[in-house]
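**Q** 90 is the number that UniProt numbering gives to position 90 of the sequence shown; each next residue is one higher, with no gaps.
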Amino acid sequence: MKIIWQVYAVTIGCLLAAGCSGESTVTNNTAIQPMLGAVMHSRPKRVRQLAEQGVGLNERDPANQSTPMIAAAETMQWGMVETLIDHGADIWAHDEFGITVAQEAETSRVIPGSDEDQARLRVIAKLKARGYPFPPPKSDEVLEMVKEGRWPPAGARS
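Below, the structure written as structure tokens:
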């Protein structure tokens with residue numbers, strides 16, 4: 001009988017906490033923010049599916065105002081970044097600290113020559129083709145330009 005109660009307690013605890021999937025309740029916002037959830041759980045097929053439907057391309061993480069594209073770039077998931085750009089995600093987005101995808105692309109430590117690096121290089125080319133300045137402005141510069149109404153730059157294309 002004691003074992004049954006222990007199993008019951010563990011099951012209830014699991015359901016009340018993060019669920020039995022092992023996912024954190026902080027990042028498991030898939031019902032509310034499906035694209036951020038797909039990026040945070042490294043699900044490229046789900047990212048593509050949502051992007052094709054135009055769902056959540058520019059969702060904001062309440063913790064830092066990051067977008068799915070910034071989150072993917074920060075975790076070096078450059079194929080996902082490319083998918084998001086190709087489906088209309090805002091290339092000019094920045095988080096509360098002024099971090100942008102372009103900054104992440106410039107400083108990425110992805111393995112040179114890897115598939116992810118090739119995707120990163122395509123991302124940089126797509127950003128440049130839309131008028132993104134390279135090297136990109138630093139975080140504090142982005143925040144200053146936002147304050148002054150100069151971000152995105154004049155003549156920029158989304």
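Built from N, CA and C at the ideal position, the CB exists for glycine as well.
Tell me which same chain residues have a C-beta within less than 7 Å of the C-beta of K126, skipping the five on either side of it?
**A** Excluding sequence neighbours, K126 sits near I85.
**Q** Whole alpha helix (DSSP H) runs in the region 115 to 142 with 4 or more residues, listed along the chain?
**A** If we require 4 residues or more, the alpha helix (DSSP H) runs fully inside the region 115 to 142 come out as 115 to 129.
**Q** Alpha helix (DSSP H) containing I85: first to last residue?
**A** Counting along the chain, the alpha helix (DSSP H) containing I85 begins and ends at 78 to 86.
**Q** Output the boundary residues of the alpha helix (DSSP H) element that contains R46.
**A** First-last of the alpha helix (DSSP H) with R46: 44 to 52.
**Q** Are the region 135 to 144 and the region 85 to 103 touching by the rule of at least three beta carbon pairs closer than 8 Å?
**A** Output reads yes: the region 85 to 103 touches the region 135 to 144.
**Q** Does the Cβ-Cβ distance between E106 and M76 come in under 7 Å?
**A** Cβ atoms of E106 and M76: not closer than 7 Å.
**Q** Would you kindly work out how many angstroms separate the C-alpha atoms of Y132 and G88, rounded to a whole number?
**A** Answer to the nearest angstrom: the Cα atoms are 15 Å apart.
**Q** Where does the unbroken alpha helix (DSSP H) through T107 begin, and where does it stop?
**A** Segment 101 to 107, the alpha helix (DSSP H) holding T107.
**Q** If you measure between the beta carbons of A38 and E82, is that distance less than 7 Å?
**A** Result no, Cβ atoms of A38 and E82 do not sit closer than 7 Å.
**Q** Quick one: what does DSSP say V146 is sitting in, helix, strand or coil?
**A** Of the three classes helix, strand and coil, the one that applies to V146 here is helix, per DSSP.
**Q** What residue range is occupied by the uninterrupted alpha helix (DSSP H) comprising L36?
**A** Residues 34 to 40.
**Q** Rounded to a whole number of angstroms, what is the C-alpha to C-alpha distance between T27 and A63?
**A** Residue confidence is low: T27 scores 44 on pLDDT, short of 50, so the model does not pin down where it sits. No coordinate-derived value is stated.
**Q** Tell me whether T27 sits in a helix, a strand or coil according to DSSP, three-state version.
**A** Its pLDDT being 44, under 50, T27 is placed unreliably in this model, and the value from its coordinates should be taken loosely. In the structure shown, T27 sits in coil (DSSP, three-state: anything other than H, G, I, E or B).
**Q** Return the chain-ordered list of same chain residues with a C-beta closer than 7 Å to the C-beta of residue 175, the five sequence neighbours on each side being excluded.
**A** There is no way to answer for residue 175, as the model of the chain reaches only from 1 to 158.
**Q** Just curious, the alpha helix (DSSP H) that E74 is in, first and last residue?
**A** Its alpha helix (DSSP H) spans residues 68 to 74.
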